[in-house]
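Counting along the sequence shown from 1, when you hit position 57 you're at 501 in this note's numbering, and nothing is skipped either side.
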Amino acid sequence: MSTTREEQRRQTRRRIYECALAIFRRDGVVACRTEDIANAAGISRGSFYFHFPTKEHVLLERMRETEDEIRAVIEQLPAEVGIDRVLAIEGAELLRGLGFESAPIAFFLAFVLVVAVANLFMGSASAKWAA
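And the structure:
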């Protein structure tokens, strides 16, 4: 496969991703249809499914990106900064960015996100914040 073709695929995937996130923010994840994402990205539904098996996989990719962003922030923090506070702030920003403004949903998802990310750092990185 040529480099140009690979780059086109990366660009298409990124366009799908960005269009999906914009629609999730505007309409909500549940109301969003894959057809909506495909139309916004200027592609066919088949092309959408080539890049993402489901619309939920777009969210998973966003969560992976957020995980990487959070990890980078945490690794730069001094030892005395509480990791729980950082995770809560970063989790809240992610949820707001995805359009989850409703308190019950936001609190539940923030809890799930904080627990999941905290579990990532229970290994060697947690020693950095040990008292």
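All C-beta atoms, glycine included, are put in the ideal place defined by N, C-alpha and C.
Predicted, not measured: the structure shown is a model, and the values here were computed from it.
If you draw a straight line from the C-alpha of Arg506 to the C-alpha of Arg515, how long is it?
-> Linking Arg506 to Arg515 through their CA atoms gives a straight-line distance of about 14 Å.
Could you please give the first and the last residue of the uninterrupted alpha helix (DSSP H) stretch that includes Gly490?
-> Its alpha helix (DSSP H) spans residues 489-495.
Indicate whether the contact test is met: 3 or more Cβ pairs, each with one atom in the segment 454-464 and one in the segment 499-513, closer than 8 Å.
-> Cβ pair count under 8 Å is three or more, so yes.
Since Ala475 is in the alpha helix (DSSP H), which residue starts that stretch and which ends it?
-> Premise fails: Ala475 is in no alpha helix (DSSP H) and is neither H nor E.
Gln452 (DSSP reduced to helix, strand or coil) | It is helical.
Give the DSSP-derived three-state secondary structure of Thr498 in the structure shown.
-> Thr498 sits in coil when the DSSP states are folded into three classes, being neither helix nor strand.
Hey, out of Thr448, Glu500, Gly490, whose CA is closest to Gly472's CA?
-> Of the candidates Thr448, Glu500, Gly490, the one whose C-alpha sits nearest the C-alpha of Gly472 is Glu500.
According to the neighbour-count rule (16 or more other Cβ atoms, all chains shown, within 10 Å of its Cβ), is Ser568 buried or exposed?
-> Residue confidence is low: Ser568 scores 39 on pLDDT, short of 50, so the model does not pin down where it sits. Its coordinate-derived value is still stated next. Counting the other Cβ atoms within 10 Å of the Cβ of Ser568 gives fewer than 16, which makes it exposed.
Through-space distance from Thr498 to Asn483, alpha-carbon basis = Cα-Cα distance, rounded: 15 Å.
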